[in-house]
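A.B. asks:
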């Protein structure tokens, strides 16, 4: 669903949305380009209509949240308002975060306060069907009921003209699906799965206690807050039912230590021969589960649908526990248990398979995997009456041995796992001394702690053994956070340490990292070479020097960072990168932060520049035109803002521009058309505005033109049909109007076309049927008529 482009040009008023994005945002949300969409089918649902009025309803704050900076900002804005209410004019939109089933989501702040970020979900009710309008109403009702740390807070519900706007929490770490895709094999360690599953379980328990059946659990809907904890999102597919809480008593045996005593029964239980008392314990349980819930709608995501939901005979709370089992499976194995080659085959697998098939993986028999498989098997039971959780809800699931060791009342105090793509800032929910899920510190950690104490401890000293051959340990094992840098455990001989210490005394900060990831991480022919070779022999690499350790005379062929190194970039000094022959600069998937380094533009021999999936903000330097040898510019998944500099026209050898998932604004510069060698242009998920430049027809080598999910408008230029080598054209989720140009039929190499979710009208050109290689044509959510016939076409 797109907001009409006319909103961008109307004169501002209290009832209009302000789409003039600022360029000061520094937070980053990783959008998932391959996120699975939810389906909505109906079996016998009653449709409801809503009456829209221009109202503003501010959700009252709770006493326990009075110190929250978000509520403080809301209260300040309402106090300054003439009518004591919050209005859209009080909000400042920063950038577009994504588009969902019902509306668009924007990052915003209050105009008079920049210390609190919010997410604003904007829904254009005029463009929705009656069915979707009922979902909008349901989401608003459910959000207004919630008060839970793992669920969103509804700060305000604004009804303005034909827009419905929900002001909720912003989660800068993106969603769990995006984080999962950054892991090796798209899977998480067992302890990380245990952490996320436990928090999702508590959130579902709360929803079910309110009588809410979620029905859309998947990694894409599990957002990650600033502190690394989860927040469920998207409640438009929920339904409400009555719930009758029960207070039950459970009797079970509990083993307790006792004194050794032979024979006979003790008044408090039976003593075993080993001095252990087996005592009967009576526990009282509070259970609030909507066991009588019933719906006949078929909604959700294909891979997460429960078997009873597919039958259309009715389903209840059990669909959430089925989806919970699928979620744990996907986090552990990187895929869903019933996934087929198409959506139809996936649904057939769900309906016909008797049980889940577990993938065989290396290291699968690690600690906790057996318990995880057992839990999944009990959740993925086809008969909901036998499925774990369907009778007593989360209470039964919490007792499963997979969750042994979790202190449920203290779950907010557990530290989030240290995994790639998750940057958890310290907050009230956990501190540096927080509990790590899974138990006490390891023996290895206790070992280096004892060594540190013996060696004088503190002051950032390295550790020294008392043995005859001195060894030093770089703090520390298991990615312990030390000041501003992360260090990895490595051992260094005394002779090597002397060389290393000399440079540290000269003021050179460095990172020590394992050398196994890339053999060519540092090559040098000057005074750095001896240090590099001595450290390489000990398994240590220097990743970054901060004060001219890399000399201008160095002949570096590539200076690559390590993909999995959780470094924090404090800014590369301008004197560091004057390597005359530097060709490759690869810093993907680290945690670098700071503005785009303008001094990189002096490396005129650079061919490959990779700065994707980091935290770089600000504008691209206008001096980028100096990189005359550049062939690939890959900067996706950052927080770059502003417009693309016109000096990009100087990059005559540029073959790839991949700048998706940023916050670029303004028009797509027509100067890009002067990059004669350009083959791939990916500008998706930004905030580009205006029309698509017709000058792009000059790019005869272009094979991929992908500016989808922006704010582009106007007509699709027919000149695009002159790009003879174009294979993929992705313009969906913009605001293009007018007719679909018949000139696209001249693109004989075209294989995939995505122009869905725009505002096109008229007839589909029959010339598209002449494209022999075309096999994907997505035109839905427009106002187009007619069809074309093509035997191998999936439309």
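In my numbering, the protein residues as written are 521 to 1315. Glycine included, each C-beta is placed from N, C-alpha and C at the ideal position.
1) When you compare the CB positions of residue 1158 and residue 1134, do they come within less than 8 angstroms of one another, or not?
2) What does the Cβ neighbour count give for residue 758, buried or exposed, with the cut at 16 atoms within 10 Å?
3) Going by alpha carbons, who is nearest to residue 1304 out of 1293, 1291 and 1256?
4) Take the Cβ of residue 634 as the centre, count every other Cβ of all protein chains shown within 10 Å, and call the residue buried at 16 or more, exposed below.
5) Report all residues from its chain with a CB closer than 6 angstroms to the CB of residue 941; omit the five preceding and five following residues, and keep chain order.
6) With residue 932 and residue 669 assumed to form a contact (beta carbons below 8 angstroms), what rounded beta-carbon distance in angstroms separates them?
7) Taking all protein chains shown into account, decide if residue 1072 is buried (16 or more other Cβ within 10 angstroms of its Cβ) or exposed.
8) Rounded to whole angstroms, what is the Cα-Cα separation between residue 705 and residue 840?
9) State the start and end residues of the unbroken beta strand (DSSP E) segment that holds residue 1202.
10) For the region 846 to 854 against the region 727 to 747, are there 3 or more C-beta pairs whose distance is under 8 angstroms?
11) Just mark residue 890 as buried or exposed, buried being the case when its beta carbon has 16 or more other beta carbons within 10 Å.
12) Considering only DSSP beta bridges, list what residue 615 is partnered with.
13) I'd like the list of long-range same chain contacts for residue 1300, defined as Cβ closer than 6 angstroms, with 5 residues on each side in sequence excluded.
14) Would you kindly check if the distance between the Cβ of residue 1201 and the Cβ of residue 1177 is under 8 angstroms?
15) When the cut-off is 8 angstroms and only beta carbons count, does residue 762 lie next to chain D?
16) Which word fits residue 719, buried or exposed, when buried means at least 16 other C-beta atoms lie within 10 angstroms of its C-beta?
17) Using only the alpha-carbon positions, how far apart do residue 857 and residue 872 sit?
18) State the start and end residues of the unbroken beta strand (DSSP E) segment that holds residue 838.
19) Quick check on the DSSP output: the beta strand (DSSP E) that includes residue 702 runs from which residue to which?
20) Name the two residues that bound the continuous alpha helix (DSSP H) containing residue 1135.
21) Starting from the Cα of residue 1259, find the closest Cα among 1241, 1279, 1244 and 1266 and give me that residue.
22) Give the DSSP-derived three-state secondary structure of residue 1004 in the structure shown.
23) Kindly indicate which residue of 649, 915, 1194 and 625 has the alpha-carbon position closest to the one of residue 769.
24) Could you name the residues that DSSP lists as bridge partners for residue 1272?
25) Among 728, 1306 and 716, whose alpha-carbon lies nearest the alpha-carbon of residue 741?
26) Check the DSSP bridge columns for residue 1210 and list the partner residues they point to.
27) Got a sec, what are the start and stop residues for the beta strand (DSSP E) residue 819 sits in?
28) Quick check on this structure: which residue in 1184, 1169 and 1151 has the alpha carbon closest to the alpha carbon of residue 1163?
29) Cutting at 6 angstroms between CB atoms, please list the residues of its own chain near residue 1283, excluding the five before and the five after it.
30) In whole angstroms, give me the CA-to-CA distance for residue 675 and residue 591.
31) Of all the options 1212, 827 and 641, which has the alpha carbon lying nearest to the alpha carbon of residue 905?
32) Does DSSP put residue 1181 in a helix, in a strand, or in coil?
33) In three-state DSSP terms, what is residue 1148?
34) Whole angstroms are fine: how far does the CA of residue 766 sit from the CA of residue 726?
35) For residue 1209, which residues of its own chain have a beta-carbon under 8 angstroms away from its beta-carbon, when the five flanking residues on both sides are left out?
36) Whole angstroms is fine: what's the gap from residue 743's alpha carbon to residue 1245's?
C.D. replies: On the basis of the data shown:
1) Yes; because the gap between Cβ atoms is below 8 angstroms, this pair is in contact.
2) Counting every other CB atom within 10 Å of its CB across the protein chains shown gives residue 758 a total of 16 or more, marking it as buried.
3) With respect to the C-alpha of residue 1304, the residue from 1293, 1291 and 1256 having the closest C-alpha is 1256.
4) Residue 634 should be labelled exposed.
5) Taken in chain order, the residues that qualify are 699 and 702.
6) In this structure, residue 932 and residue 669 form a Cβ contact; the two beta carbons are roughly 6 angstroms apart against a cut-off of 8 angstroms.
7) Caution is warranted here: a pLDDT of 32 is assigned to residue 1072, below 50, making its placement in the model unreliable, and the coordinate value is therefore given only provisionally. By the C-beta density criterion, residue 1072 is exposed, having fewer than 16 other C-beta atoms within 10 angstroms.
8) If you draw a straight line from the Cα of residue 705 to the Cα of residue 840, it comes to about 26 angstroms.
9) 1200 to 1202 is the span of the beta strand (DSSP E), which, as asked, contains residue 1202.
10) Cβ pair count under 8 angstroms is three or more, so yes.
11) If you draw a 10 Å sphere on the C-beta of residue 890, you find fewer than 16 other C-beta atoms in it, and that means exposed.
12) Looking at the DSSP assignment, residue 615 forms a beta bridge with 627.
13) Around residue 1300: 1276.
14) The answer is yes: Cβ separation under 8 angstroms.
15) Looking for chain D here will not work: only one protein chain is present.
16) Looking at its Cβ environment, which holds 16 or more other Cβ atoms inside 10 Å, residue 719 is buried.
17) Approximately 13 angstroms between the Cα atoms of the pair.
18) For residue 838, no beta strand (DSSP E) encloses it; the enclosing alpha helix (DSSP H) starts and ends at 838 to 853.
19) Neither: residue 702 is in no beta strand (DSSP E) and is coded neither H nor E.
20) In the DSSP annotation of this structure, residue 1135 is not part of any alpha helix (DSSP H); the continuous beta strand (DSSP E) holding it starts and ends at 1135 to 1138.
21) Among 1241, 1279, 1244 and 1266, the Cα nearest to that of residue 1259 is on 1279.
22) Bear in mind that the predicted position of residue 1004 carries a pLDDT of just 27, short of 50, making it unreliable; the figure below should be weighed with that in mind. If DSSP states are grouped into helix, strand and coil, residue 1004 belongs with coil.
23) Ranking the options by Cα distance to residue 769, first place goes to 915.
24) Here residue 1272 is bridged, per DSSP, to 1248 and 1296.
25) For residue 741, the nearest C-alpha among the options comes from 716.
26) Checking the DSSP bridge columns, you'll see residue 1210 partnered with 1232.
27) Its beta strand (DSSP E) spans residues 818 to 820.
28) Looking at the Cα atoms, 1184 is the closest of the given residues.
29) Beyond the five residues adjoining it in sequence on each side, residue 1283 comes within less than 6 angstroms, by CB distance, of 1305 and 1306 in the same chain, given in chain order.
30) Cα to Cα, the separation comes out at about 7 angstroms.
31) Considering only 1212, 827 and 641, the residue with the shortest C-alpha distance to residue 905 is 827.
32) In the structure shown, residue 1181 sits in coil (DSSP, three-state: anything other than H, G, I, E or B).
33) Residue state, collapsed to three classes: coil.
34) Put simply, the backbone Cα of residue 726 is about 15 angstroms away from that of residue 766.
35) The beta carbon of residue 1209 sits closer than 8 angstroms to those of 528, 1185, 1186, 1187, 1230, 1231, 1232 and 1233, all from its chain and outside the five residues before and after it, given in chain order.
36) Between residue 743 and residue 1245, the C-alpha separation is close to 39 angstroms.
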